[in-house]
Ligand SMILES: NC(=O)c1ccc[n+]([C@@H]2O[C@H](COP(=O)([O-])OP(=O)(O)OC[C@H]3O[C@@H](n4cnc5c(N)ncnc54)[C@H](O)[C@@H]3O)[C@@H](O)[C@H]2O)c1
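Below, the structure written as structure tokens:
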């Protein structure tokens, strides 16, 4: 069987991580990259690490004509434009077997709907990349618990948290370009992961029906004068004028359509988690059973004393988003695999080879976008939102959160 040829649009933080992951996926090569910045470096990495003969293409259309599938690994605010270029290329004859899009699918429900429609117009299979649902610790826990769940009944509460000290690029901090703050950026992971965790074995991924959402958004650290200034100096983003939330927590209630049982997904996300680096914390609780995943509980700890830290500049490679380079540090030996990137790539490639959508397609991405936007609306209104109410759904269709409009001061101060 010939290698499957993937092309990356975007060559930044995530694309580089995915290139590392791709080394663990069989039968796939990175055959092309198109990006405003970093394409040459990423192609050199691919060529040096046996990922195939990777070329740099100066347009989306050219890339699409030299690959079996392309990935949209570019910022949220260029999604619609890039997918539009992909659809045009496909209509002009580019032989794509599928298109992958990173989270969040859209910055608003309207944008996510537009992307779903564009994929239908293009007639290609899709993959929505929610890596956490592919994390081996999650899938292993669910496989181990499947007989217990069948015997004792489904999980009733899932908790998911993703927290770190803040993103690496200015556009993430700018709510008008990113689509909000940490809720838009990371609660999409935690909500999807809890939804997935709560889903009974052998049921489709969208089996549980969302019925209610409650949520709070807050600016706990990066609105403090000292940190606001730091953000302005480092990222050029002024949280005195256009603040976004650096903390969110909430609950999504789901209904089992066969039994009417209600189950709860609790999410917590922050950009003010000043500990070792990125932490993923997931829990699932059912009657008389449970599981827990904590990405900071690693088999590898290293210690760097003050003198050693002073001798080696920039030793902060231990963990994604780590901010310390001394003391007791957690190290994950294979982060690309731990976070689920390897398995999501393998799933998408297999699906596209078989001419179908991946485990999660863009319709699923749209549902997750709806839940995130409903959470913003619930936080703004200080109400629990009834998702079964047709009027609420209609409002969501035309909704852009105050924070995403650059009016976060009205909600957060
Ligand atoms: N699943 C995860 O854990 C995870 C982690 C990080 C980022 N992401 C998602 O991945 C996407 C990319 O994030 P990132 O951290 O790599 O961002 P980044 O800013 O580090 O990199 C973005 C890349 O896209 C390129 N780019 C920007 N505009 C472009 C355009 N119009 N055409 C072509 N290329 C363009 C940039 O030059 C750069 O190479 C975002 O949607 C983000 O939400 C997901």
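Residue numbers (our numbering): 1 to 413. We treat Cβ as the ideally placed atom computed from N, Cα and C, and that holds for glycine.
About 6 Å separates the beta carbon of residue 150 from that of residue 201, a gap short enough to meet the 8 Å contact definition.
A distance below 7 Å between beta-carbons, with the five flanking residues on each side excluded, links residue 216 to the following residues of its chain, in chain order: 248, 249, 250, 379.
Rounded to the nearest angstrom, the gap between the Cα atoms of residue 29 and residue 368 is 30 Å. Each of 31, 26, 385 was checked against the Cα of residue 213, and the nearest Cα belongs to 385. Sequence-distant Cβ neighbours of residue 283 in its own chain, meaning closer than 6 Å and more than five residues away, are 159, 292. For residue 40, the uninterrupted alpha helix (DSSP H) segment begins and ends at 39 to 48. Taking 7 Å as the cut-off, one finds at least one heavy atom of ligand 1 near enough to the beta carbon of residue 169.
Under the criterion of beta carbons closer than 8 Å, residue 191 and residue 252 qualify as touching, at roughly 6 Å. Beyond the five residues adjoining it in sequence on each side, residue 35 comes within less than 6 Å, by CB distance, of 10, 11 in the same chain, given in chain order.
A direct Cα-Cα distance of roughly 44 Å separates residue 165 from residue 92. Nearest C-alpha to residue 299 among 38, 333, 307: 333. By the neighbour-count criterion, in which a residue is buried when 16 or more other Cβ atoms sit within 10 angstroms of its Cβ, residue 210 is buried. In chain order, 80, 106 place their CB closer than 8 Å to the CB of residue 114, counting only its own chain and leaving out the 5 sequence neighbours on each side.
Bounds of the beta strand (DSSP E) holding residue 128 are 126 to 129.
Annotation: the continuous alpha helix (DSSP H) that includes residue 191 extends over 188 to 198. The continuous stretches of beta strand (DSSP E) do not include residue 278, and DSSP gives it neither H nor E.
Between residue 341 and residue 16 a beta carbon distance of about 11 Å is seen, past the 8 Å cut, so the two are scored as non-contacting. Relative to the non-hydrogen atoms of ligand 1, the Cβ of residue 11 comes within a distance shorter than 7 Å of at least one. Residue pairing by DSSP places residue 100 opposite 71, 127 in a beta bridge.
For residue 23, there is no enclosing beta strand (DSSP E), as DSSP gives it neither H nor E. Between residue 78 and residue 288, the alpha-carbon positions lie close to 46 Å from each other.
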